[in-house]
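Number of protein chains: 2
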Amino acid sequence: MPNAFYAQSGGVTAVINATAAGVIETAARHRIQIGTVYAGRNGILGALDEALYDTRQLTADALGALRQSPGAAFGSCRYRIPQGDAGDRDLQRIVDVFAAHDIRYCLYNGGGDSADTCLRIARVAEARGLPLQAIHLPKTIDNDLPLTDCCPGFGSAAKFVATAVKEVGYDLAAMQRNSTRVFVLEVLGRNAGWTTAAAALAGDDRSQPPHLLLMPERPLRLDRLMDAIRHCEQTYGYCVLVVSEGLRDQKGRLMAASTSRDAFGHPQLGGVGQRIAADIRQALGLKTHVAVADYLMRSAAHHVSATDQAQAYAVGEAGIEAALDGASNIMISLERRSDEPYVWQTGRRPLDAIANRERPLPAAYISDDGWHITDACRRYLQPLIQGEAPPPYANGLPRYVKLRLQCAPRRLPAVPPR
Amino acid sequence: MPNAFYAQSGGVTAVINATAAGVIETAARHRIQIGTVYAGRNGILGALDEALYDTRQLTADALGALRQSPGAAFGSCRYRIPQGDAGDRDLQRIVDVFAAHDIRYCLYNGGGDSADTCLRIARVAEARGLPLQAIHLPKTIDNDLPLTDCCPGFGSAAKFVATAVKEVGYDLAAMQRNSTRVFVLEVLGRNAGWTTAAAALAGDDRSQPPHLLLMPERPLRLDRLMDAIRHCEQTYGYCVLVVSEGLRDQKGRLMAASTSRDAFGHPQLGGVGQRIAADIRQALGLKTHVAVADYLMRSAAHHVSATDQAQAYAVGEAGIEAALDGASNIMISLERRSDEPYVWQTGRRPLDAIANRERPLPAAYISDDGWHITDACRRYLQPLIQGEAPPPYANGLPRYVKLRLQCAPRRLPAVPPR
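Residue numbers (the UniProt record's numbering), protein chains in the order written: chain R, 1 to 418; chain U, 1 to 418.
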């Protein structure tokens, strides 16, 4: 009986394990057609290493807990299969491992790079005449994949950022009279401003925090920023900024790739938030605080969007269903039918139209002055953070699961590590 | 009929408004003895400015929502009454304003500095023969006040930090194979390591994140830190560090007070987390990520400790009860009767034993090697993060209250602004 391969790639999200649960639970409902879901240890490296977790070991309780646990339960990786001979060897090895374990379905859960990996694996299998259906399951807090309404993981990151800005706004409002006047929150999101834009949901209009959004789609002019902060501080008494780690200057250079050096002559790889805060203090003399959300915003399983979690699960479920339908070379997409009420369903999109493409914020989602979002963007974002799905708690902390997993026995000789 | 003055001072906490609700609701149950609670706008500045919010305007609904809202609803301040003539003028003015509004009870909600302010006001009133009872209500996420089991605000900050580290630990475990190996979380807590120590609740033992705690009580030796990180990375595959913003080097200098300059020659005021991460990359060549919790950890009302929230409320309630008992020059304390189950009650402690004193982590709470906490510390900390008290949600975000308040009419001529 044919088996399935499932693996997790790239940075984790607060709900990527919900997709894993969707895959494994749905496959289990089709035991006649699918033997085993083998989960790759550390993404595609698990296929290269023939390190395949047999997910039949997982109890119903473990799968239920998995749906609410952060991280990537099977391990993730940042590994791009190289071009050229080394890449060909990788791809042949993966296909050999799949053949040895009767794997006919490959479900790869990741962003643009993993869509590309998925597609390349399918093509090699096809060239060798092996039956393999390649299905990409989208995932990224950056929300930058094309042809899907949104990416699982984004809604929860958006909820984290909007909540943080809302709460910090109350803090600033209380403190501004003779303390901090400017607050900078640095958020993840390399080339697209979606997570920065999502912070706007914290306020009803531009008089409320966040006052200024610094997105990669709008190269920064520091002089204009200082004018905008001064205006905001004079109008509202304080100013809350959200800045993307991927912010660039007018020459297209990353603001975070600082050229500064510390007292010992070491390069100082400070984040963009701290850098902009230093500029604000220098130019305006206002007391400034900086927070850097970093991994906190992609791991906050205690505060996920129920909508996002449901979509992540549905993508896994739809992946198995598509496999059983005979589909291949597709990405499972999310399709929006209406904004309010938010009606969505899963769909299937051709993988070669997705791999290696990024979707930045459209111009129509950015306000004319470049510092905020439009109503159209708000209508797009608002449904994605809806609903709470708190995990169980024990002893004051969320109770998450750590799976105890054994790899299936090897059927091939090991290859030397890369 | 005598009135009460209540105000909020210093950095906010996620539960300081619960103390406000405790004061206002308890006073309302004693309308025969207390006329009005006047809330100072922006802490003691409200008394200096005669900007006194009349809290009788607040509905029961608003008070209920107040208990769960972040920030400081009446505004806070960082204002230390100076010594010498200017300070005497401030104190006389405050006492004049109190006399003009028949204020007999002064409840000041803050840390060590506000305890001192409270005491000085009481002494001036006494010298002038005015009836004034001064009661300090503790509040600080730093947990550094003496003579109380803990400080309201700390339990919620501790829960935030421990949750973040727990979640980030799952992220790191998933990513470490060929990505980030070291994660640094920088937390608030200037001179005491309580908030850093609280991160230890995320793991059951030292094999789990957080692996290394960098507390102000233990001056940093960078060479020893690098050895410890290397050992941890080799043993567990990755290393999670929590570092206090107030960390100092062997010479007692703040690590955050960087002397480095950027490419333009501006001082680079990076945080200690970023600085240590740069050292780690330089010395060990390991990929490192940094998060800076900053205000997020003191404003996270969506994720408070129910124990902390109950204690914050109880401190407000006990403040009014102590006032009605005729007590003065006291701080309301929290007294622990047992660890497990955690049994606590409020108490009263002499204010002059509290003002301007800091309580660092005792040596018995720090492990011999200086990188972690002892079991005694864990027994102390564990009860303080217990229980969840989520706010109501609307549209995917917590629903907090912004009070609409009017100041009581002035009875004195305005004084020039300071």
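C-beta atoms are modelled at their ideal positions from N, C-alpha and C, and glycine is treated no differently.
Using a cut-off of 7 Å between C-beta atoms, extract the partners of residue i located in chain U.
i         : result
Ser69(R)  : Tyr170
Asn178(R) : Cys77, Arg78, Tyr79
Ser299(R) : Glu167, Val168, Tyr170, Asp171
Asn42(R)  : Arg177
Have a look at residue i and residue j and give me their C-alpha separation to the nearest angstrom.
i         : j         : result
Glu245(U) : Asp102(U) : 43 Å
Leu52(R)  : Ser76(U)  : 56 Å
Val304(U) : Arg80(R)  : 41 Å
Gln268(U) : Arg379(U) : Note on Gln268(U): pLDDT 44, under 50, position unreliable in the model; no value is reported.
Lys402(U) : Arg221(R) : 34 Å
Tyr108(U) : Asp204(R) : 33 Å
Ala164(R) : Leu397(U) : 10 Å
Ala353(U) : Ala301(U) : 31 Å
His372(R) : Ala134(R) : 39 Å
Asp262(R) : Ala278(U) : Unreliable placement is indicated for Asp262(R), whose pLDDT of 43 sits below 50; no coordinate value is reported for it.
Leu381(U) : Cys377(R) : 44 Å
Lys287(U) : Asp149(R) : 33 Å
Ile16(R)  : Leu213(U) : 29 Å
Val242(R) : Arg298(R) : 16 Å
Arg120(U) : Val182(R) : 32 Å
Ile141(U) : Val415(R) : 53 Å
Leu405(U) : Gln57(U)  : 7 Å
How would you list, in chain order, the residues of chain R whose beta-carbon sits under 7 Å from the beta-carbon of residue i?
i         : result
Arg305(U) : According to the sequence provided, residue 305(U) is Ser. The question's Arg does not apply to it. What Ser305(U) touches in chain R: Gly396.
Asp294(U) : His289, Val290, Ala291
Thr163(U) : His302, Leu397, Pro398
Ala72(U)  : Ala174
Glu388(U) : Tyr393
For residue i, go through chain U and note every residue whose CB falls closer than 9 Å to its CB, in chain order.
i         : result
Glu245(R) : Ordered by position in chain U, no residue passes the 9 Å Cβ test against Glu245(R), which lies about 11 Å from the chain.
For residue i, which option in the options has the closest C-alpha, if you only look at C-alpha atoms?
i         : options                                   : result
Asp375(R) : Arg206(R), Arg78(R), Ala174(R)            : Arg206(R)
Ala28(R)  : Thr55(R), Thr346(R), Val124(R), Leu247(R) : Thr55(R)
Glu335(U) : Arg93(U), Pro152(U), Ala115(U)            : Pro152(U)
Val95(U)  : Thr13(U), Thr59(U), Leu45(U)              : Leu45(U)
Ala127(U) : Cys239(U), Leu91(U), Asn3(U), Asp325(U)   : Leu91(U)
Phe74(U)  : Val182(U), Met1(U), Tyr6(U), Ile366(U)    : Tyr6(U)
Val124(R) : Val97(R), Ile24(R), Ala293(R)             : Val97(R)
Gly316(R) : Gly169(R), Gln83(R), Lys139(R), Asp249(R) : Lys139(R)
Pro216(R) : Leu188(R), Ala99(R), Arg31(R)             : Leu188(R)
Gly64(R)  : Pro210(R), Val23(R), Gly87(R)             : Val23(R)
Ser385(U) : Thr59(U), Gly35(U), Ala157(U)             : Residue 385(U) is actually Ile in this sequence, not Ser. It is Ala157(U) whose Cα lies nearest to the Cα of Ile385(U).
Arg275(U) : Leu284(U), Gly110(U), Ala256(U)           : Ala256(U)
Leu145(U) : Ile332(U), Ile320(U), Ile229(U)           : Ile332(U)
Ala383(R) : Leu201(R), Ala174(R), Asp85(R), Thr26(R)  : Before going on, a small fix: residue 383(R) reads as Pro here, not Ala. Of Leu201(R), Ala174(R), Asp85(R), Thr26(R), the residue nearest in Cα terms is Leu201(R).
Tyr38(U)  : Ser69(U), Tyr105(U), His211(U)            : Tyr105(U)
Tyr238(R) : Pro210(R), Val272(R), Leu254(R)           : Pro210(R)
Leu247(U) : Leu66(U), Pro392(U), Asp116(U), Pro360(U) : Pro360(U)
In the DSSP output, what is residue i paired with across the bridge?
i         : result
Gly347(R) : Ser333(R)
Gln68(U)  : DSSP lists no partner for Gln68(U).
Val37(U)  : Ala4(U)
Thr63(R)  : Reading off the sequence, residue 63(R) comes out as Leu, not Thr. DSSP output for Leu63(R) lists no bridge partner at all.
Cys407(U) : Tyr53(U)
Val182(R) : Cys239(R), Thr288(R)
Val187(U) : Ser244(U)
Ala394(U) : Leu397(U)
Leu254(R) : Arg248(R)
Starting from residue i, follow the beta strand (DSSP E) in both directions and report where the run begins and ends.
i         : result
Val292(U) : 288 to 292
Gly110(R) : 103 to 110
Ala134(U) : 133 to 138
Cys77(U)  : Looking at the DSSP string, Cys77(U) is not in any beta strand (DSSP E), and its letter there is neither H nor E.
What span of residues does the alpha helix (DSSP H) with residue i cover, start to end?
i         : result
Gln274(R) : 272 to 284
Gln319(U) : Per the sequence presented here, residue 319(U) reads as Gly, with Gln not at that position. Taken as a continuous stretch (DSSP letters only), the alpha helix (DSSP H) holding Gly319(U) covers 306 to 324.
Leu296(R) : 296 to 299
Leu172(U) : 154 to 175
Leu212(R) : No alpha helix (DSSP H) contains Leu212(R), which is instead part of the beta strand (DSSP E) from 212 to 214.
Ala86(R)  : 84 to 100
Under 8 Å between beta-carbons, which chain U residues line up against residue i? List them in chain order, please.
i        : result
Val12(R) : Tyr170, Asp171, Ala174, Met175
Gln83(R) : By Cβ distance, chain U contributes nothing, its closest Cβ being about 18 Å from Gln83(R), past 8 Å.
In chain R, which residues lie with their C-beta within 8 Å of the C-beta of residue i?
i         : result
Asn143(U) : Going along chain R, no residue has its Cβ under 8 Å from Asn143(U), so there is no contact; the nearest lies around 16 Å.
Glu233(U) : Chain R residues near Glu233(U): none, gap ~16 Å exceeds 8 Å.
Would a check of beta-carbon distances place residue i closer than 9 Å to chain C?
i         : result
Glu126(U) : Protein chains in the displayed structure are R and U, and chain C is not among them.
Residue i versus chain R: which residues are under 9 Å apart at the beta carbon?
i        : result
Leu45(U) : Arg177, Asn178
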